[in-house]
Amino acid sequence: MRVVVLVIGGGGREHALCFALQRSPSCEAVFCAPGNAGISSSGDATCVPDLDVLDSTSVISFCRKQGIGLVVVGPEAPLVSGLANDLVKAGIPTFGPSSEAAALEGSKNFMKNLCDKYGIPTAKYKTFTDPSSAKLYIKEQGAPIVVKADGLAAGKGVIVAMTVEEAYEAVDSMLVEGVFGSAGCKVIIEEYLEGEEASFFALVDGENAIALESAQDHKRVGDGDTGPNTGGMGAYSPAPILTQELQSIVMQSIILPTVKGMAAEGCKFVGVLYAGLMIEKKSGMPKLIEYNVRFGDPECQVLMVRLESDLVQVLLSACRGELSRVTLDWSPGSAMVVVMASNGYPGTYEKGSVIQNLEEAELVAPSVKIFHAGTAFDSDGNFVATGGRVLGVTAKGRNLEEAHERAYQAVEAVNWPGGFYRHDIGWRALPKRQFAKQN
Numbered sequence: 037m038r039v040v041v042l043v044i045g046g047g048g049r050e051h052a053l054c055f056a057l058q059r060s061p062s063c064e065a066v067f068c069a070p071g072n073a074g075i076s077s078s079g080d081a082t083c084v085p086d087l088d089v090l091d092s093t094s095v096i097s098f099c100r101k102q103g104i105g106l107v108v109v110g111p112e113a114p115l116v117s118g119l120a121n122d123l124v125k126a127g128i129p130t131f132g133p134s135s136e137a138a139a140l141e142g143s144k145n146f147m148k149n150l151c152d153k154y155g156i157p158t159a160k161y162k163t164f165t166d167p168s169s170a171k172l173y174i175k176e177q178g179a180p181i182v183v184k185a186d187g188l189a190a191g192k193g194v195i196v197a198m199t200v201e202e203a204y205e206a207v208d209s210m211l212v213e214g215v216f217g218s219a220g221c222k223v224i225i226e227e228y229l230e231g232e233e234a235s236f237f238a239l240v241d242g243e244n245a246i247a248l249e250s251a252q253d254h255k256r257v258g259d260g261d262t263g264p265n266t267g268g269m270g271a272y273s274p275a276p277i278l279t280q281e282l283q284s285i286v287m288q289s290i291i292l293p294t295v296k297g298m299a300a301e302g303c304k305f306v307g308v309l310y311a312g313l314m315i316e317k318k319s320g321m322p323k324l325i326e327y328n329v330r331f332g333d334p335e336c337q338v339l340m341v342r343l344e345s346d347l348v349q350v351l352l353s354a355c356r357g358e359l360s361r362v363t364l365d366w367s368p369g370s371a372m373v374v375v376m377a378s379n380g381y382p383g384t385y386e387k388g389s390v391i392q393n394l395e396e397a398e399l400v401a402p403s404v405k406i407f408h409a410g411t412a413f414d415s416d417g418n419f420v421a422t423g424g425r426v427l428g429v430t431a432k433g434r435n436l437e438e439a440h441e442r443a444y445q446a447v448e449a450v451n452w453p454g455g456f457y458r459h460d461i462g463w464r465a466l467p468k469r470q471f472a473k474q475n
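Residue numbers (our numbering): 37 to 475.
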């Protein structure tokens, strides 16, 4: 029987999920709420812009009316507010954790305590609500040191302080000035880990977990990994740093103890676990920096263009606790996504600038797909930018060089004076000569 799917969310990650779900042989149709202009015009899903995704009653009645057989929740806010709990209670198969299990992302303190209890390798840390004790601890530990807001701060609640003064300022901004509101009324101060970051994704059904392909994200806004942190300026898959050996170490020492620990704590985790890892320079071993309880954006884009399995069936197996029977198929070669963002991002950026030539850009090279993260239509029917990160220009290739070449050909074909992008996505994994040519 073919399944009607509802995707919750409206960003680039959700566009990539709609794209992969609608290609699934067992998919009847895909709805996306609220979706965005690019998702609806691409034909990857039917958007439902006026469905309030934080109101479970409305979502449930929409599901009943449309005969939805699977709900996939993209962003963290509806998860933390309990949408998955309500849908599951109403008998609607839902891929995404309960609000209790979403605390793995919703509270860094909860995550760190779980690591402590179940022996999961992570940075040494302490939690504070009082600014002066926090500063005393910073003084004892010295810099560099990391200061994090406990709750959800839209990816911006982490300060890597290179000096003690910077760390003091971060504590004041969170605990005294309250820049992150309630998310920052508790801070975690943890040791600075040196090494290379990588993203590791696993699908989880409450008891079992299976790894997705590896990917690596680029967090900083500028070329050469400079400037402030963003939600992600590009990604590629696979990530050479995550060797097969390292992936099995991550599964055994981090992912599986987390899944078993969550079940033992009475909050089984169903959904995708996204582990932000640091591969330590000294030991070469992985440590857990943080968990997200959803697909990463922009890593989701490169994973979804490479996935060849029937995603609808895979996610339904996770909802039913049957992942141990599932194997995943991936296209060989590589994929890369380059994020195009509004000028000024991640600071104040302008909205409403016109974007042209998108259809042509998708045709400049084989295997190019442009995912929309923040677009709308203006009164003349042009695409306009409505967000910070606006487009995810994605391409596949036989290897990373080819994926890189195709993605950047497409980026250069987009006519958007109001936007910018990094020129060096994939630099850690590509030969250095690649960038000499461009810059």
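By construction, the Cβ of each residue, glycine as well, lies at the ideal position given by its N, Cα and C atoms.
- In this structure, DSSP gives ARG442 a helical state, which the three-state scheme calls helix.
- GLN337 is a Cβ neighbour of THR430, given a cutoff of 7 Å.
- With a cutoff of 7 Å on beta-carbon distance, ALA439 and MET372 are scored as near each other.
- Here ASP122 carries a helix assignment [DSSP, helix/strand/coil].
- Beta-bridge pairing by DSSP links LEU239 to ILE246 and VAL308.
- The way I'd put it, the region 125-137 doesn't touch the region 49-69; fewer than three beta-carbon pairs between them come closer than 8 Å.
- Scanning ALA120, THR266 and LEU150 for the CA closest to the CA of GLU301 turns up LEU150.
- Contact check between the region 222-233 and the region 332-346: fewer than three CB pairs, one atom from each, fall below 8 Å, which does not count as touching.
- A residue is called buried when at least 16 other Cβ atoms come within 10 angstroms of its Cβ; ASP365 does not meet this threshold and is exposed.
- Only exposed fits GLU281, as fewer than 16 other CB atoms lie within 10 angstroms of its CB.
- Distances from the alpha-carbon of ALA275 to those of LYS405, SER235 and SER289 put SER235 closest.
- Following the DSSP letters along the chain, one finds PHE67 in no alpha helix (DSSP H) but inside the beta strand (DSSP E) bounded by residues 63-70.
- Close CB contacts of PRO293 within its chain, under the 6 Å cut and outside five residues either way in sequence, are with TYR154 and ILE156 (chain order).
- Only residues of its own chain outside the window of five on either side were considered, and among them GLN252, ASP253, LYS255, GLY312, LEU313, MET314, ILE315 and ILE325 have a CB closer than 8 Å to the CB of GLU233, listed in chain order.
- When rounded, the separation of the alpha-carbon atoms in LYS162 and PRO402 is 50 Å.
- Under DSSP, VAL350 shares a beta bridge with no residue.
- Only residues of its own chain outside the window of five on either side were considered, and among them ARG38, VAL39, VAL41, LEU57 and VAL348 have a CB closer than 7 Å to the CB of CYS63, listed in chain order.
- Bounds of any beta strand (DSSP E) do not take in VAL450, whose DSSP letter is neither H nor E.
- Rounded to whole angstroms, the gap between the alpha carbons of LEU229 and PRO334 is 24 Å.
- Close CB contacts of PRO61 within its chain, under the 6 Å cut and outside five residues either way in sequence, are with ASP346 (chain order).
- With respect to the 7 Å criterion, TYR310 and LEU140 are not classified as neighbours on the basis of their beta carbons.
- One Cα belongs to PRO453, the other to GLU386, and the distance between them is close to 12 Å.
- The beta carbon of LEU394 lies closer than 7 Å to those of ILE406, PHE419 and VAL450 in the same chain, with the five residues before and after it left out.
- DSSP places ALA179 outside both helix and strand once states are collapsed to three, so it counts as coil.
- Nearest to ALA185 by C-alpha distance, out of ALA179, PHE146 and ASP152, is PHE146.
- With 16 or more other CB atoms across the displayed protein chains lying within 10 angstroms of its CB, LYS323 is buried.
- In terms of Cβ geometry, ILE195 and ALA206 form a close pair [threshold 7 Å].
- Annotated as distal: LEU119 and SER94, with beta-carbon spacing of 7 Å or more.
- Under DSSP, LYS405 takes part in a beta bridge, and its partners are THR430.
- Sequence-distant Cβ neighbours of VAL124 in its own chain, meaning closer than 8 Å and more than five residues away, are THR130 and SER134.
- With a cutoff of 7 Å on beta-carbon distance, GLN445 and VAL374 are scored as not near each other.
- Residue range 200-207 is occupied by the alpha helix (DSSP H) that includes GLU201, with no beta strand (DSSP E) assigned at that position.
- Within 10 angstroms of the beta-carbon of LEU53 lie 16 or more other beta-carbons, which makes it buried.
- According to the DSSP assignment, ILE195 belongs to no alpha helix (DSSP H) but to the beta strand (DSSP E) extending over 194-197.
- When the beta-carbon positions are compared, GLY132 and VAL116 stay at least 7 Å from each other.
- Within 10 angstroms of the beta-carbon of ASN435 lie fewer than 16 other beta-carbons, which makes it exposed.
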